[in-house]
Every structure is written in structure tokens, then in C-alpha cells.
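Heads up: the sequence lines are chains A and B, in that order. Position 175 of the first sequence, counted from 1, bears residue number 175 in our numbering, the numbering being contiguous throughout. Position 217 of the second sequence, counted from 1, bears residue number 1217 in our numbering, the numbering being contiguous throughout.
Protein chains: 2
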Amino acid sequence: MRRAKQNPLITIKDIKPTHPSLKVDGVFNCGATKYNNQYILLLRIAESAISEDGYIKVPVLENKKLQIKLIDKNDKNLDFRDSRTIKNTESKVEYLTSLSHFRRAYSNDGIHFTVDKEPWIYPESEMESWGIEDPRVTHVLDKYLITYTAVSKHGVSVGLIETKDFISYERKGIILPVDNKDVSILPEKINGKYFMYHRPVPNDIGYPNMWSASSLDLTHWGEHKILLTVDENDWENGRIGGGAPSVKTNRGWLHIYHAANKDSVYKLGAFLTSLDDPTKILYKTSEPILSPFETYELHGFFGNVVFTCGIILESDEIKIYYGAADDKICLATISLDEIYQKLKPFRG
Amino acid sequence: MRRAKQNPLITIKDIKPTHPSLKVDGVFNCGATKYNNQYILLLRIAESAISEDGYIKVPVLENKKLQIKLIDKNDKNLDFRDSRTIKNTESKVEYLTSLSHFRRAYSNDGIHFTVDKEPWIYPESEMESWGIEDPRVTHVLDKYLITYTAVSKHGVSVGLIETKDFISYERKGIILPVDNKDVSILPEKINGKYFMYHRPVPNDIGYPNMWSASSLDLTHWGEHKILLTVDENDWENGRIGGGAPSVKTNRGWLHIYHAANKDSVYKLGAFLTSLDDPTKILYKTSEPILSPFETYELHGFFGNVVFTCGIILESDEIKIYYGAADDKICLATISLDEIYQKLKPFRG
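And the structure:
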């Protein structure tokens, strides 16, 4: 695994806020694909309101318009310890500190990117009133499918948007209800069905595990099955979830996933399924393939995080675009051979 | 609303345990339909292991076989206060105290039922290793669809089983991932799509609200939308969820749902949607139509509960089969006119 020496490729300094009262907290967790011979990243941009003494200002959408809520920093019924959220006494999230949207970034070499000055896709529906996050892009036939996390007071659900040209797009609704995220769709039908990986978070019983599901039309999903559980290794015993959409290799579907331990240190791993059945893991890395190490991964809006939503396979080499410390876009490359060497038979 | 004077219709005395080491804790929350001019109830039967001094015995399936786990009653890391569950220090459910399966009950008059002496559908898959619960039966064309709660250490998900004759049946897999339950499917296509109501329980953000979803084939579901939230009235501010499958009336689709307040007192309410669009509530009862009142509703395995999974509409009268205090089957009848009088315009 080699980190690009130009890392971080994109930082908050490269991003213009959407509104004078907002500042950019992070540009991270991007979808990645190629279109018209260019590299395209679909960036998650998180913005927060510039706070004033004694108050935190929280951006939310109400009736499709940006509103700024004033939250008293001394409110003893609220918990401000996590930089990403404000929780109530029951540990339920009452507010997110930032509101995320998506922008495009273009590059001819996969390293130097030009970023849109305006949002491309901004949260819109009631289910997106706290933002849209973590886009994954899958190229299926003549379409690019964007799966993303839709956040609101109702919870964390999964939306689907389609584009053919990265200019116009169409919202296809909520494809998985709360709480679910980390959805990536495989790029072609397998035995007549599309497949996805998803990561529900159960409330009463169970832990944040990875599941598979199938679809005939990409908007209606079923045949939900457990794929990978958190009780594997120390570095992945907190939560796991899909990363970038799987890529097709001679040896099977290769998937890069993320995993966090109980201290929320996020690392990347990989697994391989047969080309015939992406619902069963045959080989898996027992050690992470990328862990927070560089300063830009250890420190940031939320430190100790490497997290990918987008990879590109070219000439037996995988470009992994990843969010570092929840505020920067970075690149690491790894050969298929190097990943194959790290894969071990998985008892399933 | 008139309770049957024969209530309770079925109690644990009417149920033979499946195994000498088990006792029946409850017979409740039944699906209801008519088949071959008979009334059929699909009963949820909960069984627990007969415990011994100092230990609670917990029945679970392992490799499809019944296993009895011994749980030390003095284990200070476990919380035994809820009769239905054993929780760990993080309030996660570690065990259910009982394991549920389904049996059929038949009747010519809708009041006097003959109950199967053996299970009809017993938990089987990994997702059902802690039991199958709360079946709803919808008659669609030549099939009867059974939606049910599949419980395991992985969480609470929703399974689908089809039968044509209430003898043989076919498992159709998990149609909604964790945590979700209270699923009822509407009995016909509306504008080319099937519809269901479901009730996910989000973990980090949001509350147990009712949602709608659509399907073309009954096994793959999408277009998830919020239908009804818990922030309505005192008696329904804890959790709400679908009851029996909706019935078609001249005025629209009528649905009987359940709601609990924050003290877990379960009551029934009703709402009406247009026949064209079951995803928007037009009228709703602001007061419950049935509340725990009789001794058999106030006291039992889990008291203060009335909960329905099955109703039958005949001659402008609705038969509501309901679980009372999580251990008995009861019947109450109400005319459509009486429900209409209680319905109020819903601002939705």
C-alpha cells in the first residue's frame, strides 16, 4: 500500500462554503469513478455554522430552506463530547453539528483535482434535513448509481440517485429504512439479480454487521442476509461496513470495507467472493490493509480515521480514494497481487 | 367495541408444549383469515424452559436443534427485570426468556377454536434461532402471505412465508433487515404496486415510527416513507406499529394499529387512507379504540397489553383478534360506523 506523496489531495482550504454564515468542516468520504476519460470524485462536504460565545449554531433544513438553530453550550441535558453530534441524556442524537452535501471534483491524472465551487446535490427531502453523506458511485450499464446516507430526525436511511452525465440527476427515493448506511451496489447483474452490501444498526439486539441484499430493478431490495459480523478481530470488533463498490477481478468480486474497534479507530480491510455469489465471503484479510498512521489521518475533524467510499481498478492496481480524519481526501494505491497475498480463507 | 363474553378464547391451558422440558408462557398475537369457510388463526406460542433453583433456562436453536442454556440468576452483569428478556450492562438483549413458534387454530363460528397439538411452523434459519413471532396473514390472489418477526442474536428482522392451503408452506427469506417488525402487507396491488407498513427501530437517531414501502413482487421492497410518528398523543408516544393487514372499505383502506406509551401500556388505534394511496393517512383516531381494562388484559406474562395481528371484516363488522397481556387470545368486535365516528382528519 502506497500513499500518494501529494496527500492530502483535497482539504477544506480547497472548498468554498455555500453560505457566508457557514464554514467547511470537512471534505471526505468520496465516491469515485471514471467518466469521459476523466476521474470524477463525488465529495462529501460537511459545513457547520460559525458559532458565537456560549452557543453552538447548528445548520438544518426546514421546508427545504437552511435554518440555523442556536444551542446553548451550557445546557446540562446535552452531551457535546463527540465533535460530530449533540446527544441528549438518553444518548440519542438531537443534532448533528454539520450539514453535508455533495460536490464534484474532476481530474485528468487521478491526483490533481478541480473542485466545483457550488454544491452539485444538496439535501432536499424531509429524510435529508440533517444532510446527505458518504456517496458511493456504481457504474451500471449507461447509468451511474449514487447510494448515500440520508440523515434526519427520523434516523439514518439510504437514498439512491441516478445520473447519466454527472450534470442532471434523478432522485429514486429511500431504498433502505432506518438505521442503515454504507450501501454499495455491485456493478452488474449476477445470475439475473443486482446485489448490494448494507450495514443496518439494530437497536435492541445485535451489533453493526454487514448484510447483503438483492434486487431486480435497483430500487426494491430483498433477500437480506448476514455477510460479515463484528466478532472477528480486535481492530474490527466495534462496527464494520461496506466501503467502495466491489470491483471484478479474475479471482472474484473484491471489496474494500471499513472497520472500527470499540475506540472508533477506523481501518480498511478487504474480502473476496466468488463471481457467482457475492453473498458469501471466501477470502478475507485478517489484518487491516490501511490504518491511520500519517498526521493527516491521525488528526482532523474526527481523528484516527481512514474510510473509503470509492476505488478505481486500473491495470491490476487499485486506487483507493479515502477520507482521512473526516476532513481530507487522500489517495493510496495497492496492487491486486499485494491484496491477494493478504487474503486468507474465510470460514464464513 | 364489544369484547366477546367468551374471552379469553384461547389460553396456555389449551396448548400442549412441544417438549417435556418446556412450558407454554403464552398464546397471543395471532394472524387471522378465512379459508374454506373456516376461521383460521395463526397463533404465536411462546415456550420457556422449566427453570431450576438459581438458574433460568433459556431455549434457543443451535444448528436447527433446540438447546437449553443455563443462566445464573445471580449474575450481576445481567438484568432480569423485564419478564421477556435478559439484558447485559449495555441494555442490549442477551437472551429471550422464551422461544416462539406458530400453530394453527380452526373454528366454524370465529369464537370456539380447535388448536393444533403440534407446531405448524417452527423456527429454522440462523435469523430465527431465538424464535418467530407475531404472524400477520394477508390473502393475495391464490396465496396467503405470512409476515413475521425473525429473532436471533443478530437482531429483529422480518421474514415472509407463503402458503396456499395452510398445510404446506414456502419460506421466502428475510424481506426487511434489522431492526424491524410489525409488518403487514395490503391485500391487493394499488396502481401496479403492493404496499406494506413496517416499523423499524433506529439506534442512533429517531424513534420507533411507522413507515410504508412498495413492492412489485412481494419479496423486494423499496420506496420507504415515514407514515406515522410517535409524537402524537400521550397514549402513543412510546412506540407505534402496524397491527393487522388493512381491510378495504368504501371510505378507504382501514388499518388497526397498536401504540404504547413510555410505560409500555399497549392500546389499539385506527387510521384510514384513500384507496389510491395507502402511504398517506387521511383520518385517524385521536383516542384509542381498545385499551387494557379487563383482568385478562391487565395481568399475564406481560400485563397492560392489547395487541392485534389479525382482523376479519364481515358485514360491516370487524372481528379484532388480539393478544391480551402477552399470553391469551381474545376477540372484540366493532362496527365500521363506530370506527368512522372516531376518526378525525389527520394533518399528516
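Note that CB positions come from ideal geometry on N, CA and C, so glycine has one too.
*Return helix, strand or coil for K92 (chain A), following the three-state DSSP convention.*
coil
*Helix or strand or just coil, what does DSSP make of T945 (chain B)?*
The structure shown does not extend to residue 945 (chain B), since chain B is modelled only from 1001 to 1348, so the question has no answer here.
*K1064 (chain B) versus A1150 (chain B) - alpha carbon distance*: 14 Å
*Rounded to a whole number of angstroms, what is the C-alpha to C-alpha distance between H1019 (chain B) and L1078 (chain B)?*
27 Å
*Please determine if the segment 5-15 of chain A and the segment 78-89 of chain A are in contact, where contact requires at least 3 C-beta pairs separated by less than 8 Å.*
no
*asked:* Using a Cβ-Cβ cutoff of less than 6 Å, which residues in the same chain neighbour G1238 (chain B) once the five nearest sequence positions on both sides are dropped?
replied: A1260, N1261 and K1262
*Roughly how many angstroms lie between the CA atoms of Y1207 (chain B) and D179 (chain A), to the nearest whole one?*
10 Å
*Beta-carbon separation of L1343 (chain B) and L1272 (chain B) under 8 Å?*
yes
*Could you tell me which chain A residues have their CB closer than 9 Å to the CB of L1145 (chain B), listed as they occur along the chain?*
Near L1145 (chain B) there are no residues of chain A at all, since even the closest Cβ is about 13 Å away, more than 9 Å.
*asked:* Restricting to Cα atoms, I'd like to know which of B:S1291, B:S1274, B:K1193 and B:E1124 is closest to Y1283 (chain B).
replied: B:S1274
_Comparing C-alpha positions only, which one of A:T249, A:H258 and A:K248 sits nearest to E236 (chain A)?_
A:H258
*Which ranges would you report for the alpha helix (DSSP H) in the segment 226-300 of chain A if only whole runs of at least 4 residues count?*
295-298
*asked:* Once DSSP output is grouped into helix, strand and coil, what is the label at D1134 (chain B)?
replied: strand
*So, does the CB of S215 (chain A) fall closer than 8 Å to a CB anywhere in chain B?*
yes
*Give me whichever residues DSSP pairs with W1221 (chain B) in a beta bridge.*
A:W221 and B:S1215
*Going by other Cβ atoms of all chains shown within 10 Å of its Cβ, with 16 needed for buried, is R1081 (chain B) buried or exposed?*
exposed
*Is the beta carbon of E162 (chain A) within less than 7 Å of some heavy atom of the ligand ATP?*
Here there are no bound small molecules, and the ligand ATP is not part of this structure.
*Express the C-alpha separation of G243 (chain A) and D182 (chain A) in angstroms, rounding to a whole number.*
7 Å
*Within 8 Å (strictly less), CB to CB, does I1185 (chain B) reach chain A?*
no
*Which stretch, first to last residue, makes up the beta strand (DSSP E) that contains E1047 (chain B)?*
Q1038 to A1049
*Compute the beta-carbon to beta-carbon distance between R3 (chain A) and E294 (chain A), rounded to the nearest angstrom, for a pair I have assumed lies under 8 Å.*
7 Å
*For the beta strand (DSSP E) holding Y1340 (chain B), just list the boundary residues, first then last.*
Looking at the DSSP string, Y1340 (chain B) is not in any beta strand (DSSP E); the run it does join, the alpha helix (DSSP H), is L1336 to K1342.
*Where V156 (chain A) and P123 (chain A) are concerned, what is the direct C-alpha to C-alpha distance, given to the nearest angstrom?*
13 Å
*Span of the beta strand (DSSP E) holding D72 (chain A)?*
K65 to D72
*Could you list which residues in chain B have their beta carbon closer than 7 Å to that of V93 (chain A), in chain order?*
D1204 and I1205
*Look at F1113 (chain B) and I1010 (chain B) and say whether their C-beta atoms are less than 8 Å apart.*
yes
*Is the segment 36-56 of chain A in contact with the segment 130-137 of chain A, if contact means three or more CB pairs nearer than 8 Å?*
yes
*In chain order, what residues of the segment 157-178 of chain A put their CB closer than 8 Å to some CB of chain B?*
S157, G173, I174, I175, L176, P177 and V178
*asked:* According to DSSP, simplified to helix, strand and coil, what is I86 (chain A)?
replied: strand
_Measuring alpha carbon to alpha carbon, tell me which residue in B:D1165, B:V1158, B:H1154 and B:I1281 is nearest K1143 (chain B)._
B:D1165
*Report yes or no: is there a C-beta of chain A within less than 8 Å of the C-beta of T1219 (chain B)?*
yes
*If you check the beta carbons only, do L176 (chain A) and H1220 (chain B) fall under 8 Å apart?*
no
*Which chain A residues sit within Cβ distance under 8 Å of H1224 (chain B)?*
S157, G173, I174, I175, L176 and P177
*Label I167 (chain A) either buried or exposed according to how many other C-beta atoms from any shown protein chain fall within 10 Å of its C-beta, with 16 as the threshold for buried.*
exposed
*Give the DSSP-derived three-state secondary structure of E1118 (chain B) in the structure shown.*
coil
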